[in-house]
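Q: Just so you know, the sequence shown maps onto residues 1 to 390 in the UniProt record's numbering. Cβ coordinates follow ideal geometry from the N, Cα and C atoms, glycine included. Questions regarding the structure given below will be posed in turn.
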Amino acid sequence: MLEVVFLLIAVLGAVLFYQLGSRRSGLLADVKGIAGLAAMANVSHILMDFKDMDVATHEDIHYKLADNRYILRNSSLAPLPAGGNGHSTEQVTAPGTRGPGRGSFEHNLHLSLNPQPLILRAAGCVPFIIGILLFAALLPIFLFTPAGYLTDKAPWVATALAVCIKLTWGAVDTNVRMMEPFFMLYKRHAPPRTLSLDYTAMAFAWVAIRALANGHWLVFAVGFGTVMTEVLTVLVTSLAAVEGKGFVQMIKDHQGENISAGQETPDSFWISLSLATFILLYMGTVATVVFVRRRKPILPRQPNTIASVLAFIHQSKMLWSFVGTERLGNQEIVDFLEGVGQTYGLGWFEGRDGKEHCGIDQEELKTSYRHGLDYSRSNKPWIESFSEWL
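Next up, the structure:
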């Protein structure tokens, strides 16, 4: 059975490799982060579709763009002309919207209206932390008390719990990666490299190394925890097959006969138990720090679609700096922006149309973002746009 699974994975991997290598993407260079999207959108007219959507929800964006179609050609996003067939391009549906044959149910199923990811909120993170600590307490109970009868009859239970912790930790890792550049912009005066920061596409081990090199300690801690969750499942699986009482008795009687040790030796058992306990305590500590540091909403909506990010920059003056950068690679864009010498932030700013907007722009901004506060109305409530009284 194991050989069949490996063979199936190899075949599917080969098919995926062929698809990725043969399919045309419409890109001319490596695109990463907010800078990559700005470079693709700065010469097109699609940014006008995001008018008055600075603090809009995913649902609002969905209904505004639901009937629009876009193409990606030569690393530039553009609206698909009426009757266009999209030859020599990749035709894409407006990001964050429904495509042909997709209803609002699928959209609402995948995109939360809450600006904070669930695993970073109290409703998701606190139960997860409690679950980690409970599992850390259950390990010695299963090993050294009569409750170990459960793992004797169903050793997969402990492994299943470890896998659940691993999968939930993956959600923590994914959302911390996604939010990191926006958190840096929220703190204001972020360097140009922040705009090209994209941890979401990195391998789970490589992201920890890159975060350590960049000095992003929380991303490093979470990424390192992701690596350790792989080790945790192996350790728990091996511990579920032994009886810890026998190893305790060995210490008392100085003998090791007639114990259920599975594949474990006394040294490997105590090392495995110590490592598993350390990993669980480490995960609980890091998850607590993540909750304390990231529980506060810093955006009007989650930046988990292309449309959501484009709505943040559609009136940014920084787009003038991206003219002619659509053909540049990621490092070339970073070098170019560092030559411009601007810093960037997330908050309220005066856009290219002279009005107040919420999003990402070059400093100095009018003010930082505060969730639930519409600075454009609190600052100049007497100003109305033409669209409001027409």
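Using only CA atoms, which one of 343, 280, 302 and 142 lies nearest to residue 395?
A: Residue 395 is absent from the model: the chain starts at 1 and stops at 390.
Q: Would you decide whether residue 293 is buried or exposed? Buried here means 16 or more other CB atoms lie within 10 Å of its CB.
A: Here residue 293 refers to the residue found at position 293 when the sequence shown is read from its first residue. It is exposed - the Cβ of residue 293 has fewer than 16 other Cβ atoms within 10 Å.
Q: Taking DSSP as the reference, what is the three-state secondary structure of residue 325?
A: By one-based count along the sequence shown, residue 325 stands at place 325. If DSSP states are grouped into helix, strand and coil, residue 325 belongs with coil.
Q: Given that a residue counts as buried once 16 or more other Cβ atoms are within 10 Å of its Cβ, and exposed if not, what is residue 116?
A: Within the sequence shown, residue 116 is the residue found at index 116, counting from 1. Buried.
Q: Over the uninterrupted alpha helix (DSSP H) stretch that includes residue 158, give me the two end residues.
A: Position 158 of the sequence shown holds residue 158. Note, residue 158: alpha helix (DSSP H), 156–186.
Q: Is it the case that the Cβ atoms of residue 173 and residue 223 are separated by a distance below 8 Å?
A: Position 173 of the sequence shown holds residue 173. Position 223 of the sequence shown holds residue 223. Yes, they are a contact pair.
Q: Do you know how far the Cα of residue 123 is from the Cα of residue 288?
A: Working through the sequence shown from its first residue, we reach residue 288 at position 288. Working through the sequence shown from its first residue, we reach residue 123 at position 123. C-alpha separation (whole angstroms): 13 Å.
Q: With DSSP run on the structure shown, which of helix, strand or coil describes residue 16?
A: Here the question's residue 16 lines up with position 16 in the sequence shown. If DSSP states are grouped into helix, strand and coil, residue 16 belongs with the helices.
Q: Please state whether DSSP places residue 79 in a helix, a strand or coil.
A: Mapped onto the sequence shown, residue 79 falls at position 79. In the structure shown, residue 79 sits in a strand (DSSP, three-state: E or B).
Q: If you pair each beta-carbon of the segment 324–338 with each one of the segment 177–184, do three or more pairs fall below 8 Å?
A: Touching, no, given that fewer than three Cβ pairs across the two stretches are closer than 8 Å.
Q: According to DSSP, is residue 27 helix, strand or coil?
A: What you label residue 27 is simply residue 27 of the sequence shown in a count that begins at 1. Residue 27 falls in the coil class under three-state DSSP.
Q: With distances taken between CB atoms, is the gap from residue 315 to residue 357 smaller than 8 Å?
A: As a working mapping, residue 315 is identified with position 315 in the sequence shown. As a working mapping, residue 357 is identified with position 357 in the sequence shown. Yes, these two residues count as a Cβ contact at 8 Å.
Q: Using only the alpha-carbon positions, how far apart do residue 335 and residue 118 sit?
A: Position 335 of the sequence shown, counting from 1, holds the residue named residue 335. Position 118 of the sequence shown, counting from 1, holds the residue named residue 118. Spanning the two alpha carbons is a distance of roughly 36 Å.
Q: Alpha carbon to alpha carbon, how far is residue 364 from residue 191? Give it in angstroms, no decimals.
A: Taking the first residue of the sequence shown as 1, we reach residue 191 at position 191. Taking the first residue of the sequence shown as 1, we reach residue 364 at position 364. So the alpha carbons of these two residues sit roughly 13 Å apart.
Q: Which two residues bound the contiguous beta strand (DSSP E) that contains residue 349?
A: Translated into positions along the sequence shown, residue 349 becomes position 349. Its beta strand (DSSP E) spans residues 344–350.
Q: In angstroms, rounded to a whole number, what distance separates the CA positions of residue 27 and residue 322?
A: Here the question's residue 27 lines up with position 27 in the sequence shown. Here the question's residue 322 lines up with position 322 in the sequence shown. C-alpha separation (whole angstroms): 16 Å.
Q: Assign residue 48 to one of two classes, buried (16 or more other C-beta atoms within 10 Å of its C-beta) or exposed (fewer than that).
A: Your numbering for residue 48 matches position 48 in the sequence shown. Classification for residue 48: exposed.
Q: Measure from the C-beta of residue 319 to each C-beta in chain C and report whether the shortest distance is under 8 Å.
A: Protein chains in the displayed structure number just one, and chain C is not present.
Q: Hey, how far is the Cα of residue 66 from the Cα of residue 32?
A: Position 66 of the sequence shown, counted from the first residue, corresponds to residue 66. Position 32 of the sequence shown, counted from the first residue, corresponds to residue 32. Cα to Cα, residue 66 sits roughly 25 Å from residue 32.
Q: In angstroms with no decimal places, state the Cα-to-Cα distance between residue 74 and residue 7.
A: Translated into positions along the sequence shown, residue 74 becomes position 74. Translated into positions along the sequence shown, residue 7 becomes position 7. Whole-angstrom Cα-Cα distance: 38 Å.
Q: Taking DSSP's pairing of strands, which residues face residue 367 in a bridge?
A: Position 367 of the sequence shown holds residue 367. DSSP, once it has assigned bridges, lists 348 as partnering residue 367.
Q: Going by C-alpha to C-alpha distance, which of 367, 359 and 175 sits closest to residue 55?
A: Looking up residue 55 in the sequence shown gives position 55. Minimum Cα distance to residue 55 is reached at 359.
Q: Taking DSSP's pairing of strands, which residues face residue 361 in a bridge?
A: As a working mapping, residue 361 is identified with position 361 in the sequence shown. Note: residue 361 sits in a beta bridge opposite 345.
Q: To the nearest angstrom, how far is it from the Cα of residue 76 to the Cα of residue 160?
A: For the purposes of this step, residue 76 is taken as the residue at position 76 of the sequence shown. For the purposes of this step, residue 160 is taken as the residue at position 160 of the sequence shown. Roughly 46 Å between the two C-alpha positions.
Q: Just the Cα atoms here: how many angstroms apart are residue 362 and residue 59?
A: Locating residue 362 in the sequence shown gives position 362, where the first residue counts as 1. Locating residue 59 in the sequence shown gives position 59, where the first residue counts as 1. About 28 Å.
Q: Residue 326: buried (16+ other C-beta within 10 angstroms of its C-beta) or exposed?
A: For this step, residue 326 is matched to residue 326 along the sequence shown. Per the 10 Å Cβ criterion, buried.
Q: Compute the distance between the beta-carbons of residue 317 and residue 347, then report whether it is under 8 Å.
A: For the purposes of this step, residue 317 is taken as the residue at position 317 of the sequence shown. For the purposes of this step, residue 347 is taken as the residue at position 347 of the sequence shown. In this structure, residue 347 does not lie closer than 8 Å to residue 317 by Cβ.
Q: For a test of the three-state rule: what should DSSP assign to residue 338, helix, strand or coil?
A: Locating residue 338 in the sequence shown gives position 338, counting from the first residue. Note: residue 338 maps to helix in three-state DSSP.
Q: Let me know if residue 71 comes out buried or exposed under the rule of 16 or more other beta-carbons within 10 Å of its beta-carbon.
A: By 1-based counting over the sequence shown, the position of residue 71 is 71. It counts as buried.
Q: Considering only their Cβ atoms, is the gap separating residue 232 from residue 296 smaller than 8 Å?
A: On the sequence shown, residue 296 is found 296 positions in, with the first residue counted as 1. On the sequence shown, residue 232 is found 232 positions in, with the first residue counted as 1. Against a cut-off of 8 Å, the Cβ pair of residue 232 and residue 296 comes out as no contact.
Q: Should residue 243 go down as buried or exposed, given a rule of 16 or more other Cβ atoms within 10 Å for buried?
A: Within the sequence shown, numbered from 1, the residue matching residue 243 stands at position 243. Counting Cβ neighbours within 10 Å, residue 243 comes out buried, since at least 16 surround it.
Q: Taking 8 Å as the cut-off, decide whether the C-beta atoms of residue 284 and residue 133 are in contact.
A: Here residue 284 refers to the residue found at position 284 when the sequence shown is read from its first residue. Here residue 133 refers to the residue found at position 133 when the sequence shown is read from its first residue. In contact: residue 284 and residue 133 (Cβ atoms closer than 8 Å).
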